[in-house]
Amino acid sequence: MSVATGSAVADVFTDRSCADRQRIAPLDVRSSYDGSNVVFRLLRMETWGPALMNLGYYTFRGPLAFLNLVANLEAAQRRLVMEAVDLLEVGRRHRVLDVACGRGKSSFIVHCLFPEATVVGLDLLSNNVQVARTLFDQVDNLSYVSGDALHLDFPDESFDRVLCVEAAFHFPDRGRFLREACRVLRPGGRLIVVDFAWNTDADQKHRDDPETRLVRGVWQWHDLFSVPEYERVAGDSGFEMLSSSDWSHRVTRPIQGLFQFLSTLGNSRWGRRILLWKNPLYRSFSHADWNEVASAVRAHAHFHCYSKYMAFVFEKRCKR
Ligand SMILES: C[S@@+](CC[C@H](N)C(=O)[O-])C[C@H]1O[C@@H](n2cnc3c(N)ncnc32)[C@H](O)[C@@H]1O
């Protein structure tokens, strides 16, 4: 199993298999998680505990989204994983691969729900895998490995289920990931992908809007599939799409509302006092940081007009 060290991470993203290699700069996945990005710093402060690293699935929506700030945000992140795991339909002795498991909690959740299944969590960043092992690796049937979603180091047909929650946007070649997931799944096996997607093929033209460039920099992605493209490419990779659900109203819209609220507070004197009272760590946010948050919130509002937060269920076609 390959271990993704600093230089290996760079190698992964200059992979020759990526058709656009000449046109695009390598992604720096690490920068989304090392605190150098103000949006992710805010996420770390508000939602990202030591384990889960997703946006969460929220109870309060619409104009009440700001109430999520006082609710348990970690519970929202767990809820997101549970929603995805429900779609996975894990059987008693299934082998489950959790691709891009981050710091391992999603794999641990699958293990808790299905203790007789064998669960493998895989992530590109060896730091994440180290944290996962420290936190969760002491139980049977659950293990963590460093590796790349585009080069899965497992034999053909070695898993019954593959899960990928909120990570495929990082992959420089999503089609390759779908082919790899199909290869390691047994016929009839199931893949769940939770990912951002353009609403339509035509919306892809917004990739180079200045606002979307900012969003791409925050999240470290080159491009997204559109919803129809997901179905097409998954079909070409050997999958049938069983369902696709738009979770934007439960994930991206509430978190956008929450960020808008935080940005409004952070950019006013009284608001900053409230934030400091709530969490003294906000002292580490400067005026420039709050300005940056405000720009990011505006950019994300633009991006959300053309994109969705989707959950796809794919099944590997059986051989004839
Ligand atoms: C937003 S986090 C989501 C983590 C986890 N699924 C969760 O819900 O907490 C995205 C993860 O994708 C991982 N990642 C990015 N590119 C990857 C790749 N090519 N192969 C495997 N993991 C990758 C990152 O290291 C990060 O842990």
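Letter by letter, the sequence shown follows residues 375 to 694 of our numbering. Built from N, CA and C at the ideal position, the CB exists for glycine as well.
Legend entry - When Y431, L516, W572 are compared against E448, the one with the closest alpha-carbon: Y431
Legend entry - Cα-Cα separation between A576 and D569, rounded to whole angstroms: 18 Å
Inset, instruction - Quickly, what does DSSP pair I344 with across the bridge? List them, please. - result: What is shown of the chain runs 375 to 694, which leaves residue 344 out entirely.
Legend entry - Beta-carbon proximity list for T492, same chain, < 6 Å, skipping 5 on both sides: R469, N515
Inset, instruction - In angstroms with no decimal places, state the Cα-to-Cα distance between C692 and R564. - result: 11 Å
Legend entry - Which of helix, strand or coil DSSP assigns to F659: coil
Inset, instruction - Can you tell me which of the three DSSP states H678 falls into? - result: helix
Inset, instruction - Drop a sphere of 10 angstroms on the beta-carbon of N446, count the other beta-carbons inside from all chains shown, and report buried for 16 or more, exposed for fewer. - result: exposed
Inset, instruction - Taking only beta-carbon positions, decide if F570 is within less than 8 Å of chain C. - result: In the displayed structure, chain C is absent; only one protein chain is listed.
Legend entry - Rounded straight-line distance, which links the Cα of D663 to that of L559: 44 Å
Inset, instruction - Tell me whether W595 is buried or exposed, calling it buried when 16 or more other Cβ atoms sit within 10 Å of its Cβ. - result: buried
Legend entry - Status (buried if at least 16 other CB within 10 Å, exposed otherwise) for Q451: buried
Legend entry - Classification of D530 by the beta-carbon crowding that lies within 10 angstroms, buried from 16 upward: exposed
Legend entry - DSSP three-state assignment for P546, whether helix, strand or coil: coil
Legend entry - Collapsed DSSP secondary structure at V412 in the structure displayed: helix
Inset, instruction - Would you tell me roughly how many angstroms separate the C-alpha atoms of K690 and E614, rounded to the nearest one? - result: 6 Å
Legend entry - Sequence-distant residues of its chain with Cβ nearer than 8 Å to Y518 (five each side left out): C475, G478, S481, V494, G495, L496, D497, V503, A506, R507, F510, D511
Inset, instruction - Would you list the one or two residues that DSSP bridges to M615? - result: F688
Inset, instruction - Say yes only if the C-beta of S480 is nearer than 7 Å to one or more non-hydrogen atoms of ligand 1, and no if none qualify. - result: yes
Inset, instruction - Using beta-carbon positions only, say whether W621 and M684 come within less than 8 Å of one another. - result: yes
Inset, instruction - Closer than 7 Å by C-beta to F628: which residues in its own chain qualify, once you throw out the five before and the five after it? Chain order, please. - result: Correcting the residue identity first, residue 628 is Pro in this sequence and not Phe. Closer than 7 Å at Cβ, skipping near neighbours: Y432, F434, R435, A439, N442.
Legend entry - Nearest to D698 (by Cα), restricted to the options L537, R535, E554: An answer regarding residue 698 cannot be provided, because it is not within the stretch 375 to 694 covered by the chain.
Inset, instruction - Kindly list the residues whose CB is nearer than 7 Å to the CB of N411, restricted to its own chain and excluding five residues on each side of it in sequence; keep chain order. - result: S405, V592
Legend entry - Any non-hydrogen atom of ligand 1 closer than 7 Å to C475 Cβ: yes
Legend entry - Selection from H661, R581, A608, N653 that minimises the alpha carbon distance to H678: R581
Legend entry - beta-carbon V513 near ligand 1 non-hydrogen atom, thresh 7 Å: no
Inset, instruction - Count the CB pairs spanning the stretch 455-474 and the stretch 652-660 that are closer than 8 Å, and state whether there are at least three. - result: no
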